[in-house]
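Peer 1:
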Amino acid sequence: MNCEKYLSQLPQSYLREIQTQSTYEKLMKHGHDLKDCLTSPQLLAECYEKLNYIEKHTLSWLIRNVGYEPFEWKHIISLVEDQLSKAELKMGLTLLRQKGIVFTFRKTWGEHIYVIPKDAFHAWVKVLLPEIKHVSCIGDEVVQPLDRLGRGLIFDLFQLMIYIAKNEVSLTQDKMIKKRQLQKMCNLLDINEDDLQFIDLKYMGQDFYPKAFVLVYDLLLRLKLAEQKSKHVELNKDKIHGWLVQNSCQMNKILYEVWHQICMPNQVWLQLIWAKMETISYDMWYPIQELVNWIEDSQLMSCYGIEKKQCFNQLLNSMKVFVGFGWIQLGKTDNNEMVFKWKMNLNSTAKPLEHDEIQFYIQADYEVLVPSNVPFHIRWELESMSEMTNSDVIMHYSITKKSIKTARQNGRTTNDIIEFLNKYSKYGLPDNVKKSVEDWSEQVGKIVFQEVLLLRCADEKTFHQLNDNPLFQPYIITKLGEKDFIIQKNLLKELINKLEKNGYTPLFSSLKQGSEDEKVQFPSFNKTVNGSYILENAKEANGLVNSNKTMLYYEMEHKFPNIKDVYPILEEIPPIWLKQYRSYHPSTEKEIIQKAIDNHVYLKLRKNKVERMVLPQKIEEKEGDLLIHAFEKNKDITLFSHDWEEMRLIFPGINDK
Numbered sequence: 001m002n003c004e005k006y007l008s009q010l011p012q013s014y015l016r017e018i019q020t021q022s023t024y025e026k027l028m029k030h031g032h033d034l035k036d037c038l039t040s041p042q043l044l045a046e047c048y049e050k051l052n053y054i055e056k057h058t059l060s061w062l063i064r065n066v067g068y069e070p071f072e073w074k075h076i077i078s079l080v081e082d083q084l085s086k087a088e089l090k091m092g093l094t095l096l097r098q099k100g101i102v103f104t105f106r107k108t109w110g111e112h113i114y115v116i117p118k119d120a121f122h123a124w125v126k127v128l129l130p131e132i133k134h135v136s137c138i139g140d141e142v143v144q145p146l147d148r149l150g151r152g153l154i155f156d157l158f159q160l161m162i163y164i165a166k167n168e169v170s171l172t173q174d175k176m177i178k179k180r181q182l183q184k185m186c187n188l189l190d191i192n193e194d195d196l197q198f199i200d201l202k203y204m205g206q207d208f209y210p211k212a213f214v215l216v217y218d219l220l221l222r223l224k225l226a227e228q229k230s231k232h233v234e235l236n237k238d239k240i241h242g243w244l245v246q247n248s249c250q251m252n253k254i255l256y257e258v259w260h261q262i263c264m265p266n267q268v269w270l271q272l273i274w275a276k277m278e279t280i281s282y283d284m285w286y287p288i289q290e291l292v293n294w295i296e297d298s299q300l301m302s303c304y305g306i307e308k309k310q311c312f313n314q315l316l317n318s319m320k321v322f323v324g325f326g327w328i329q330l331g332k333t334d335n336n337e338m339v340f341k342w343k344m345n346l347n348s349t350a351k352p353l354e355h356d357e358i359q360f361y362i363q364a365d366y367e368v369l370v371p372s373n374v375p376f377h378i379r380w381e382l383e384s385m386s387e388m389t390n391s392d393v394i395m396h397y398s399i400t401k402k403s404i405k406t407a408r409q410n411g412r413t414t415n416d417i418i419e420f421l422n423k424y425s426k427y428g429l430p431d432n433v434k435k436s437v438e439d440w441s442e443q444v445g446k447i448v449f450q451e452v453l454l455l456r457c458a459d460e461k462t463f464h465q466l467n468d469n470p471l472f473q474p475y476i477i478t479k480l481g482e483k484d485f486i487i488q489k490n491l492l493k494e495l496i497n498k499l500e501k502n503g504y505t506p507l508f509s510s511l512k513q514g515s516e517d518e519k520v521q522f523p524s525f526n527k528t529v530n531g532s533y534i535l536e537n538a539k540e541a542n543g544l545v546n547s548n549k550t551m552l553y554y555e556m557e558h559k560f561p562n563i564k565d566v567y568p569i570l571e572e573i574p575p576i577w578l579k580q581y582r583s584y585h586p587s588t589e590k591e592i593i594q595k596a597i598d599n600h601v602y603l604k605l606r607k608n609k610v611e612r613m614v615l616p617q618k619i620e621e622k623e624g625d626l627l628i629h630a631f632e633k634n635k636d637i638t639l640f641s642h643d644w645e646e647m648r649l650i651f652p653g654i655n656d657k
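1 is the number of the first residue of the sequence shown in UniProt numbering; add one for each residue after it.
#1: Grouping DSSP H, G and I as helix and E and B as strand, with all else coil, what is glutamine 299?
#2: State buried or exposed for proline 117, treating a residue as buried only when at least 16 other CB atoms are found within 10 Å of its CB.
#3: With a Cβ-Cβ cutoff of 7 Å, do aspartate 283 and lysine 341 count as a contact?
#4: Rounded to the nearest angstrom, what separates alanine 364 and tyrosine 68 at their Cα positions?
#5: Between isoleucine 619 and the rest of its own chain, which residues show a CB-CB distance below 8 Å, the 5 nearest in sequence each way excluded?
#6: Could you check whether the stretch 361 to 376 touches the stretch 392 to 412, counting it as contact only if at least three pairs of C-beta atoms, one from each stretch, sit closer than 8 Å?
#7: Is the stretch 255 to 268 close to the stretch 217 to 233, with three or more CB pairs under 8 Å?
#8: Could you say which of Gln465, Leu89, Cys37, Leu188 lies nearest to threonine 389 if we only look at CA atoms?
#9: What is the residue span of the beta strand (DSSP E) that methionine 385 lies within?
#10: DSSP state of tyrosine 475, grouped into three classes?
#11: Taking the alpha helix (DSSP H) that isoleucine 593 falls in, what are its first and last residues?
#12: If you count every other CB in all the chains shown that lies within 10 Å of the CB of lysine 276, and 16 or more means buried, which is it?
#13: Taking the alpha-carbon of serine 441 as reference, which of Asp459, Lys179, Gln21, Asn410 has the nearest alpha-carbon?
#14: Does DSSP put valine 437 in a helix, in a strand, or in coil?
#15: Report the CB separation of glutamate 240 from methionine 161 in whole angstroms; it is logged as a contact under 8 Å.
#16: Isoleucine 378 CB to nearest chain B CB: under 7 Å?
#17: Mind the definition here: the stretch 57 to 64 touches the stretch 84 to 104 only if three or more C-beta pairs lie below 8 Å; say whether that holds.
#18: Within a Cβ cutoff of 6 Å, which residues of the same chain sit near glutamate 518, ignoring the five residues on either side of it in sequence?
#19: Which same chain residues end up closer than 8 Å to aspartate 147 when comparing Cβ atoms and leaving out the 5 residues on each side of it in sequence?
#20: Once the 5 residues before and after tyrosine 304 are set aside, which same chain residues still bring their CB inside 6 Å of it?
#21: Suppose you measure from the CA of lysine 343 to the CA of valine 437; what does that come to, to the nearest Å?
#22: Going by DSSP in three states, aspartate 33 sits in which element: helix, strand or coil?
#23: Between which residues of its own chain and threonine 233 is the CB-CB distance below 6 Å, once the five residues before and five after are set aside?
#24: Any idea which residues DSSP pairs alanine 226 with across the strands?
#25: What separation, rounded to the nearest whole angstrom, lies between the Cα atoms of isoleucine 654 and phenylalanine 376?
#26: Does the beta-carbon of leucine 38 have 16 or more other beta-carbons within 10 angstroms, so that it is buried, or is it exposed?
#27: Suppose the cutoff is 7 Å on Cβ atoms and the five residues either side in sequence are ignored; what does the same chain contact list for threonine 414 look like?
#28: From this set, Pro616, Arg648, Glu645, which residue's C-alpha is nearest aspartate 636's C-alpha?
#29: Where do the ends of the alpha helix (DSSP H) carrying threonine 20 lie?
#30: Tell me the rounded alpha-carbon separation between methionine 176 and glycine 205.
#31: Is glutamate 611 helix, strand or coil by DSSP?
#32: Starting from the C-beta of lysine 512, find all residues in its chain whose C-beta is less than 7 Å away, skip the five residues before and the five after it, and write them out in chain order.
#33: Report all residues from its chain with a CB closer than 6 Å to the CB of proline 523; omit the five preceding and five following residues, and keep chain order.
#34: Hey, is the stretch 576 to 583 in contact with the stretch 638 to 656, meaning 3+ C-beta pairs nearer than 8 Å?
#35: With valine 143 as the anchor, note down where its beta strand (DSSP E) starts and where it stops.
#36: Could you check the C-alpha separation between valine 520 and glycine 150 for me, to the nearest Å?
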């Protein structure tokens with residue numbers, strides 16, 4: 001999730017505490033809102049200068065070593081080693097939480113789990129790490145594209161939506177799609193297993209569902225475009241409408257955000273490099289080796305123990321996943337240099353294209369040619385009245401008698417069909433096609449098989465009692481003979497209540513209960529092209545893929561962090577130990593040193609006016625002398641009692657200035 005989503009979950013009291021931090025005070029007085037202060041690289045650069053050294057050190061360490069993956073305290077203290085003391089890390093984390101740079105959630109048993117929002121992380125990468133090298137423009141004429149450019153994840157998502165709209169997708173008792181339908185749905189997808197060979201997905205139905213299918217189907221469920229009922233999969237009509245009226249750029253940006261929630265790279269250096277990749281201009285070729293050089297120049301290779309070749313190969317493999325999604329294209333220059341370019345514009349704020357500008361082509365042989373830029377809400381309506389015959393960059397459909405019948409069954413009138421095809425066909429509707437559509441459409445519905453609900457009386461006396469009672473008239477459609485009525489199915493529960501209140505106890509004969517047995521329809525959005533899609537983060541929006549990278553499962557911590565919680569022992573420490581250098585009795589020195597060890601805090605030592613600050617790790621006595629094993633400037637040292645004359649206990653964030 002992004003910063004704005006996290007902020008929306010905080011209570012007003014918590015938000016006010018963040019807003020009153022001196023770090024943001026000046027910026028907010030100049031009209032900037034809190035979200036901008038937390039995510040704009042320009043504003044963050046100003047905020048960074050106002051952080052103290054513990055906050056800066058902790059933030060830089062988290063960005064380089066943890067990334068935007070959720071983390072627990074026990075995880076980061078196992079990583080920190082000698083780069084920060086545990087006390088500095090704990091204090092720094094608390095201060096960053098107070099400033100809204102790190103957000104806190106509470107697990108089932110009360111343990112905290114922390115996260116830096118993805119958009120804030122990417123902004124901090126721009127502030128804290130050097131820019132990638134600017135390269136001169138590499139023209140298409142010197143690049144040979146490699147592999148295939150995928151049709152796109154948004155098209156695969158659309159194909160599954162269409163299949164579910166046209167077919168009742170049944171579920172087994174284990175909530176799995178039946179095998180025959182699963183195979184048909186898999187055949188619709190352009191993404192294949194080779195595209196996903198370099199990602200490891202753990203998901204429900206691991207031994208049954210192919211990885212490529214589960215990725216697309218998971219997104220469909222996670223976006224709440226569809227949901228699994230007890231016996232079948234059903235489209236969410238309200239969400240579908242909002243989704244279809246987005247342009248391709250908006251759709252891809254939403255999918256990109258969700259993808260990073262569930263499948264972000266585990267390696268932090270890859271998270272860092274992807275953050276930098278997002279700054280590269282859309283549709284511009286860029287050398288992959290320059291990204292590897294950036295990792296080396298940022299001193300991240302030595303940090304993660306990776307070599308250049310290993311870094312290059314892992315980065316290339318992660319890009320290949322996005323090739324299948326239609327998000328990235330790979331190529332090789334005349335100089336044999338591997339390059340890539342973005343095929344989706346992550347920084348675009350373009351509005352949807354004018355719907356009337358983008359049209360398809362209807363030919364006299366009933367074939368419809370649909371260019372790749374035709375909006376999805378138009379494709380949706382076209383799918384309701386035609387059959388896809390070929391799926392490629394330009395998609396081919398055929399208008400048939402069967403497809404027109406399907407359109408009529410799904411609520412389209414003859415006029416609806418003709419009007420739509422005329423409006424969005426570049427050169428209008430050929431006369432012969434129009435005549436056939438009208439003929440086929442008019443043949444539909446002259447005879448209708450209708451499923452109705454029969455109320456059968458045991459005898460004529462009961463029949464006449466019900467027929468003569470005005471109370472039951474609103475529920476009766478018509479009479480059949482002297483014992484039966486056809487009643488309104490949608491008012492069944494209401495009728496049952498009235499029958500029981502009037503002394504009748506009706507029985508049911510093979511009557512299916514509930515709406516889940518009703519066939520899923522293909523809704524029409526053709527007359528309502530306005531709408532929006534909001535990516536929700538509700539807990540019920542989970543898909544099939546298991547991910548510990550999402551915070552959906554946890555409750556936001558609403559208690560504002562307090563510095564006192566960092567050092568609860570502080571009230572027991574004599575103030576004199578903190579305020580100034582002093583000489584102490586050996587027994588008191590031993591007690592002070594032990595307090596430093598127990599609380600992972602520093603000890604300042606002074607002899608002959610020369611100061612040194614150490615982080616004690618262990619104390620021992622040897623022949624009446626005190627020995628301290630400690631860290632000093634990231635080195636292991638051993639000090640004897642004659643190495644100091646005075647000491648002072650230092651709690652980072654409290655008395656370290």
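Even for Gly, the Cβ is constructed at its ideal location relative to N, Cα and C. The structure presented is a predicted model; accordingly, all values stated were derived computationally and were not measured.
Peer 2: Put simply:
#1: Indexing the sequence shown from 1 puts residue 299 at position 299. If DSSP states are grouped into helix, strand and coil, glutamine 299 belongs with coil.
#2: The sequence position of residue 117 within the sequence shown is 117, counting from 1. By the neighbour-count rule (16 or more Cβ atoms within 10 Å), proline 117 is buried.
#3: Within the sequence shown, residue 283 is the residue found at index 283, counting from 1. Within the sequence shown, residue 341 is the residue found at index 341, counting from 1. For aspartate 283 and lysine 341, yes; Cβs fall inside 7 Å.
#4: Residue mapping note: residue 364 aligns to position 364 of the sequence shown, counting from 1. Residue mapping note: residue 68 aligns to position 68 of the sequence shown, counting from 1. Straight-line Cα distance between these residues: approximately 55 Å.
#5: Taking the first residue of the sequence shown as 1, we reach residue 619 at position 619. For isoleucine 619, where only same-chain residues beyond five positions count, the Cβ hits under 8 Å are Lys590, Ile593, Gln594, Ile597, Leu626, Leu627, Ile628, His629.
#6: yes
#7: Touching, per the Cβ criterion.
#8: Counted from its first residue, the sequence shown places residue 389 at position 389. Closest option to threonine 389, Cα to Cα, is Leu188.
#9: In the sequence shown, counting from the first residue as 1, residue 385 sits at position 385. Here methionine 385 belongs to no beta strand (DSSP E), and DSSP marks it neither H nor E.
#10: Locating residue 475 in the sequence shown gives position 475, where the first residue counts as 1. The answer is helix: DSSP assigns tyrosine 475 an H, G or I state.
#11: Locating residue 593 in the sequence shown gives position 593, where the first residue counts as 1. Its alpha helix (DSSP H) spans residues 586 to 599.
#12: The residue you call residue 276 lines up with position 276 of the sequence shown. That one is buried.
#13: Translated into the one-based positions of the sequence shown, residue 441 becomes position 441. Serine 441 has its Cα closest to that of Asn410, out of Asp459, Lys179, Gln21, Asn410.
#14: The residue labelled residue 437 in the question sits at position 437 within the sequence shown. Helix at valine 437.
#15: As a working mapping, residue 240 is identified with position 240 in the sequence shown. As a working mapping, residue 161 is identified with position 161 in the sequence shown. For the sequence presented, residue 240 should be read as isoleucine rather than glutamate. Sure, about 7 Å apart at Cβ, within 8 Å.
#16: In summary, chain B is missing from the structure at hand, where a single protein chain is found.
#17: yes
#18: Here residue 518 is taken as the residue at index 518 of the sequence shown, counted from 1. Because the pLDDT at glutamate 518 is just 42, under 50, the model does not fix this residue reliably, and the point stays unresolved.
#19: In the sequence shown, counting from the first residue as 1, residue 147 sits at position 147. Result list for aspartate 147: Lys320, Val323, Leu330, in chain order.
#20: Along the sequence shown, one-based indexing puts residue 304 at 304. Contacts found: Trp269.
#21: Numbered from its first residue, the sequence shown carries residue 343 at position 343. Numbered from its first residue, the sequence shown carries residue 437 at position 437. Rounded to whole angstroms, lysine 343 to valine 437 spans 39 Å at the Cα level.
#22: Residue mapping note: residue 33 aligns to position 33 of the sequence shown, counting from 1. Aspartate 33 falls in the coil class under three-state DSSP.
#23: In the sequence shown, counting from the first residue as 1, residue 233 sits at position 233. Note that residue 233 is valine in the sequence shown here, rather than threonine. Within the same chain, valine 233 has close Cβ partners Ile164, Val169, Ala226.
#24: Along the sequence shown, one-based indexing puts residue 226 at 226. Alanine 226 is bridged to Leu235.
#25: Translated into positions along the sequence shown, residue 654 becomes position 654. Translated into positions along the sequence shown, residue 376 becomes position 376. Roughly 58 Å between the two C-alpha positions.
#26: Within the sequence shown, numbered from 1, the residue matching residue 38 stands at position 38. Leucine 38 is buried by the Cβ-count criterion.
#27: Here residue 414 refers to the residue found at position 414 of the sequence shown. Glu438, Ser441, Glu442, listed in sequence order.
#28: Position 636 of the sequence shown holds residue 636. For aspartate 636, the closest alpha carbon among the candidates Pro616, Arg648, Glu645 is that of Pro616.
#29: In the sequence shown, residue 20 corresponds to position 20, counting from 1. Note, threonine 20: premise wrong, no alpha helix (DSSP H); not H, not E.
#30: Counted from its first residue, the sequence shown places residue 176 at position 176. Counted from its first residue, the sequence shown places residue 205 at position 205. Those two C-alpha atoms are separated by around 8 Å.
#31: As a working mapping, residue 611 is identified with position 611 in the sequence shown. Correct three-state label for glutamate 611: strand.
#32: Indexing the sequence shown from 1 puts residue 512 at position 512. Confidence is the limiting factor: at lysine 512 the pLDDT is only 48, short of 50, which leaves the residue's position unreliable, though a coordinate-based value still follows. Nothing listed; no residue qualifies.
#33: The residue labelled residue 523 in the question sits at position 523 within the sequence shown. Excluding residues within five positions, the ones whose Cβ falls inside 6 Å are Lys237.
#34: yes
#35: Numbered from 1 along the sequence shown, position 143 holds the residue referred to as residue 143. 143 to 145 is the extent of the beta strand (DSSP E) around valine 143.
#36: The sequence position of residue 520 within the sequence shown is 520, counting from 1. The sequence position of residue 150 within the sequence shown is 150, counting from 1. With a pLDDT of 42 at valine 520, under the threshold of 50, the modelled position of that residue is not reliable, and no figure is offered here.
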